[in-house]
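A.B. asks: Have a look at this one before I ask anything.
Protein chains in written order, with this note's numbering: chain A, 2 to 256; chain B, 3 to 316.
Structure (structure tokens):
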């Protein structure tokens with residue numbers, strides 16, 4: 002029970018301290034509102050937007066992009082990782098190019114994606130995808146390469162085809178590695194989604210930020226930042242919960 | 003004669019065959035002696051079929067039908083960088099139905115390789131291995147040195163796994179798994195995860211899994227080398243019981259001569275670099291075996307002989 006409450010407690014303290022500093026700087030120290038709006042002003046700005054139903058579409062748009070990008074990036078990342086694991090020759094050929102793409106600054110490429118793939122959903126998803134793909138690929142690859150070689154013997158003895166082997170044994174065995182990649186990928190997906198909306202588009206939390214900046218609505222800018230952080234935390238908590246469920250067999254102390 | 007040891011004869015002495023046939027009527031596992039593991043197959047065939055016609059029909063039929071595993075001129079080489087390492091020199095052997103064959107030899111003698119070849123996990127470089135298991139979808143069960151259970155599945159799910167993969171209905175699979183759990187003495191641990199079990203219990207689960215879809219052949223690669231001595235002895239006795247109850251043909255690789263002698267109806271002695279079969283010994287210790295077997299002077303004689311075979315040069 003205590004172990005359950007502990008993370009909530011820790012998160013709570015961190016957020017509480019942050020909130021206090023924010024409040025202290027804005028209200029008692031009376032920083033100008035265009036530099037640092039108070040928590041009250043910020044929440045107020047969000048609340049008014051929400052009441053007018055103007056906030057929800059942005060939230061929905063950003064979350065949809067993140068989840069789609071995360072999903073596509075993970076599926077492709079895991080699939081390619083499995084291919085590389087199964088085909089060492091392919092892995093030898095692709096290792097070099099993959100390192101180049103992996104180390105290339107994807108964020109710097111973002112404007113290029115817009116030029117190539119347009120202002121719409123396509124370029125946004127491609128940016129998110131490129132950010133999610135590599136951590137998931139590396140995590141999954143580490144997971145697959147860590148599989149006991151006798152698991153392969155087992156598949157061979159049971160005469161499993163490649164799909165059965167993947168779904169019944171290899172995927173499950175590589176899950177710990179996959180989740181490591183997925184957790185990094187989720188944070189990257191958020192970054193990618195916001196960045197893509199900064200560059201182009203008329204929707205999303207990132208768009209809201211640029212709009213607020215351009216119109217000097219600092220409380221709204223703060224609100225959007227706040228929502229983005231909360232979104233990041235929710236994403237992390239969600240994935241951790243799935244991980245706990247999927248990897249319950251791996252838990253350290255379940256006597 | 004207590005054990006019939008077979009030293010590689012250059013040419014088969016004529017007096018040899020009748021002796022073997024005489025022992026055939028008395029002993030439980032005569033046919034391998036007859037077939038002559040070390041002989042080139044051509045010679046053996048001639049010997050068998052020229053002699054067979056002089057035997058009663060019943061025995062002839064039994065002899066012909068008994069060969070479950072036929073190994074002919076099997077070699078295995080591995081590529082290690084530029085070098086080719088010969089793991090197995092040509093090996094010929096026939097293993098009859100219902101035998102418990104222990105395979106011993108110093109490490110690096112290719113005994114595990116031989117087992118993997120029989121299981122079809124690796125491909126032979128030359129020669130062939132034939133399993134007389136018509137109509138059986140998966141003829142071999144395999145037990146590794148460690149249990150190699152799926153860590154995310156409970157004991158019963160692990161044991162049922164081969165059946166699930168073969169598309170057996172859940173209810174039938176559960177029934178079968180439950181029987182096996184009782185056979186290997188894991189009752190009460192059905193829902194435990196592998197990591198919650200001791201090494202010996204994990205190995206029992208692995209044996210049950212290997213038996214799940216009822217393969218006629220059970221291959222075991224040093225299955226008890228990772229468990230403590232006391233557990234090992236218990237598991238040995240249980241394995242003998244399982245063998246007698248199920249009538250499986252078991253091949254067990256071990257580096258313990260005591261285990262080999264205690265369990266086997268036959269012992270294959272192998273020598274290293276390149277791995278070759280030195281001899282096959284028939285063990286005539288009576289069944290069922292137990293504590294009294296370990297007091298049997300013949301058992302000690304056999305252990306001594308095996309130990310010398312393992313140490314001595316070919």
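Note that beta-carbon positions come from the ideal geometry of N, C-alpha and C, so glycine has one too.
Remember, predicted model here, so these are calculated numbers, not experimental data.
#1: Going straight from the alpha carbon of residue 333 (chain B) to that of residue 164 (chain A), what length do you get?
#2: Report buried or exposed for residue 126 (chain B), applying the criterion of at least 16 other Cβ atoms within 10 angstroms of its Cβ.
#3: Have a look at A:54, A:23, A:88 and flag the residue whose alpha-carbon is nearest the alpha-carbon of residue 42 (chain A).
#4: Using three-state DSSP, classify residue 194 (chain B) as helix, strand or coil.
#5: If residue 255 (chain B) sits next to residue 308 (chain B), beta carbons under 8 Å apart, how far is it from one beta carbon to the other, in whole angstroms?
#6: Quick check on residue 308 (chain B): does DSSP put it in helix, strand or coil?
#7: I'd like the ranges of any alpha helix (DSSP H) spanning at least 4 consecutive residues and lying wholly in the segment 156-222 of chain B.
#8: Would you say residue 151 (chain A) lies against chain B (beta-carbon separation less than 7 Å)?
#9: In the structure shown, what three-state DSSP assignment does residue 229 (chain B) receive?
#10: For the segment 135-142 of chain A against the segment 179-194 of chain A, are there 3 or more C-beta pairs whose distance is under 8 Å?
#11: Using 8 Å for Cβ pairs, my map puts residue 75 (chain B) next to residue 272 (chain B). What's the rounded Cβ distance?
#12: If we ignore side chains and look at the alpha-carbon of each, how far apart do residue 230 (chain A) and residue 7 (chain A) end up?
#13: Thinking C-alpha only, which one of B:298, B:187, B:259, B:303 is nearest residue 109 (chain B)?
#14: Is any heavy atom in the ligand MN found nearer than 6 Å to the beta carbon of residue 286 (chain B)?
#15: Could you tell me the distance, in whole angstroms, from the CA atom of residue 171 (chain A) to the CA atom of residue 205 (chain B)?
#16: Could you work out which residue in B:154, B:143, B:149 is closest to residue 164 (chain B) when comparing CA atoms only?
#17: For residue 94 (chain B), which option in B:285, B:120, B:82 has the closest C-alpha, if you only look at C-alpha atoms?
#18: The alpha helix (DSSP H) with residue 92 (chain B) in it runs from where to where?
#19: Measuring alpha carbon to alpha carbon, tell me which residue in B:202, B:303, B:116, B:197 is nearest residue 230 (chain B).
#20: When the Cα atoms are used, what is the spatial distance from residue 32 (chain B) to residue 106 (chain B)?
#21: Checking the sheet assignment: what are the DSSP bridge partners for residue 82 (chain B)?
#22: By how many angstroms is the C-alpha of residue 224 (chain B) removed from the C-alpha of residue 257 (chain B)?
#23: I'd like to check one pair, residue 207 (chain B) with residue 148 (chain B): are the Cβ atoms closer than 7 Å?
#24: State yes or no: is the C-beta of residue 220 (chain B) within less than 7 Å of the C-beta of residue 182 (chain B)?
#25: At least one CB of chain B closer than 7 Å to the CB of residue 154 (chain A): is that the case?
#26: May I have a chain-ordered list of the alpha helix (DSSP H) segments no shorter than 4 residues that lie completely inside the segment 138-226 of chain A?
#27: Got a sec: is the Cβ-Cβ distance from residue 165 (chain B) to anything in chain A below 7 Å?
#28: CB residue 129 (chain A) to CB residue 70 (chain A), shorter than 7 Å?
#29: According to DSSP, is residue 32 (chain A) part of a helix, a strand, or is it coil?
#30: Buried or exposed, going by whether 16 or more other CB atoms sit within 10 Å of the CB of residue 151 (chain B)?
#31: In the segment 6-79 of chain A, which residue ranges form an unbroken alpha helix (DSSP H) of at least 4 residues, counting only runs that do not cross its ends?
#32: For the segment 160-175 of chain A, enumerate the residues whose C-beta is nearer than 9 Å to any C-beta of chain B, in chain order.
#33: On the three-pair Cβ rule with 8 Å, is the segment 283-301 of chain B touching the segment 126-135 of chain B?
#34: Residue 92 (chain B) to residue 80 (chain B), Cα distance in whole Å?
#35: Counting only beta-carbon separations shorter than 7 Å, does residue 153 (chain B) have a partner in chain A?
#36: Can you check which of these residues, B:244, B:277, B:131, B:195, is closest to residue 155 (chain B) by C-alpha distance?
C.D. replies: Here's the rundown:
#1: A query on residue 333 (chain B) cannot be resolved here, the shown segment of chain B reaching from 3 to 316 and no further.
#2: On the second chain, residue 126 (chain B) is found 124 positions in, with the first residue counted as 1. The residue is buried, with at least 16 neighbouring Cβ atoms inside 10 Å.
#3: Translated into positions along the first chain, residue 42 (chain A) becomes position 41. The option with the nearest alpha carbon to residue 42 (chain A) is A:23.
#4: By 1-based counting over the second chain, the position of residue 194 (chain B) is 192. Here residue 194 (chain B) sits in coil by DSSP.
#5: Translated into the one-based positions of the second chain, residue 255 (chain B) becomes position 253. Translated into the one-based positions of the second chain, residue 308 (chain B) becomes position 306. With a Cβ gap of about 14 Å, residue 255 (chain B) and residue 308 (chain B) do not count as contacting.
#6: The residue given as residue 308 (chain B) occupies position 306 in the second chain. Three-state result, residue 308 (chain B): helix.
#7: 157-167, 172-185, 201-213
#8: The residue labelled residue 151 (chain A) in the question sits at position 150 within the first chain. It does: the Cβ of residue 151 (chain A) has a partner Cβ on chain B nearer than 7 Å.
#9: Numbered from its first residue, the second chain carries residue 229 (chain B) at position 227. Coil at residue 229 (chain B), not helix or strand.
#10: yes
#11: Counting from one through the second chain, the residue named residue 75 (chain B) turns up at place 73. Counting from one through the second chain, the residue named residue 272 (chain B) turns up at place 270. The Cβ separation is near 16 Å, so there is no contact.
#12: Counted from its first residue, the first chain places residue 230 (chain A) at position 229. Counted from its first residue, the first chain places residue 7 (chain A) at position 6. Rounded to whole angstroms, residue 230 (chain A) to residue 7 (chain A) spans 21 Å at the Cα level.
#13: On the second chain, residue 109 (chain B) is found 107 positions in, with the first residue counted as 1. When each option's Cα is compared against that of residue 109 (chain B), the closest is B:259.
#14: Of the ligands one can find in the structure shown there are none, so the ligand MN has no counterpart to examine.
#15: Position 170 of the first chain, counting from 1, holds the residue named residue 171 (chain A). Position 203 of the second chain, counting from 1, holds the residue named residue 205 (chain B). Roughly 22 Å separates the two Cα atoms.
#16: Here residue 164 (chain B) is taken as the residue at index 162 of the second chain, counted from 1. The candidate whose alpha carbon is nearest that of residue 164 (chain B) is B:143.
#17: Taking the first residue of the second chain as 1, we reach residue 94 (chain B) at position 92. For the residues B:285, B:120, B:82, the minimum Cα distance to residue 94 (chain B) belongs to B:120.
#18: The residue given as residue 92 (chain B) occupies position 90 in the second chain. Element bounds for residue 92 (chain B): not the alpha helix (DSSP H) but the beta strand (DSSP E), 85-98.
#19: Taking the first residue of the second chain as position 1, residue 230 (chain B) is located at position 228. For the residues B:202, B:303, B:116, B:197, the minimum Cα distance to residue 230 (chain B) belongs to B:202.
#20: Locating residue 32 (chain B) in the second chain gives position 30, where the first residue counts as 1. Locating residue 106 (chain B) in the second chain gives position 104, where the first residue counts as 1. Caution is warranted here: a pLDDT of 38 is assigned to residue 32 (chain B), below 50, making its placement in the model unreliable, and no coordinate value can be reported.
#21: Position 80 of the second chain, counting from 1, holds the residue named residue 82 (chain B). Per DSSP, B:85.
#22: Numbered from 1 along the second chain, position 255 holds the residue referred to as residue 257 (chain B). Numbered from 1 along the second chain, position 222 holds the residue referred to as residue 224 (chain B). Residue 257 (chain B) and residue 224 (chain B): Cα-Cα distance of roughly 7 Å.
#23: Mapped onto the second chain, residue 148 (chain B) falls at position 146. Mapped onto the second chain, residue 207 (chain B) falls at position 205. The answer is no: Cβ separation not under 7 Å.
#24: Here residue 220 (chain B) is taken as the residue at index 218 of the second chain, counted from 1. Here residue 182 (chain B) is taken as the residue at index 180 of the second chain, counted from 1. The answer is no: Cβ separation not under 7 Å.
#25: Position 153 of the first chain, counted from the first residue, corresponds to residue 154 (chain A). With 7 Å as the cut-off, residue 154 (chain A) counts as an interface residue toward chain B.
#26: 150-158, 172-200, 206-215
#27: Against the second chain, residue 165 (chain B) aligns to sequence position 163. With 7 Å as the cut-off, residue 165 (chain B) does not count as an interface residue toward chain A.
#28: Indexing the first chain from 1 puts residue 129 (chain A) at position 128. Indexing the first chain from 1 puts residue 70 (chain A) at position 69. Yes. Within cutoff.
#29: The residue you call residue 32 (chain A) lines up with position 31 of the first chain. Residue state, collapsed to three classes: coil.
#30: Taking the second chain and counting its residues from 1, one reaches residue 151 (chain B) at position 149. Buried: at least 16 other Cβ atoms inside 10 Å.
#31: 40-52
#32: 160, 161, 165, 169, 170, 173, 174
#33: no
#34: In the second chain, residue 92 (chain B) corresponds to position 90, counting from 1. In the second chain, residue 80 (chain B) corresponds to position 78, counting from 1. Residue 92 (chain B) and residue 80 (chain B): Cα-Cα distance of roughly 14 Å.
#35: Translated into positions along the second chain, residue 153 (chain B) becomes position 151. Yes, its Cβ sits closer than 7 Å to a Cβ of chain A.
#36: For the purposes of this step, residue 155 (chain B) is identified with residue 153 of the second chain, where counting begins at 1. Ranking B:244, B:277, B:131, B:195 by Cα distance to residue 155 (chain B) puts B:195 first.
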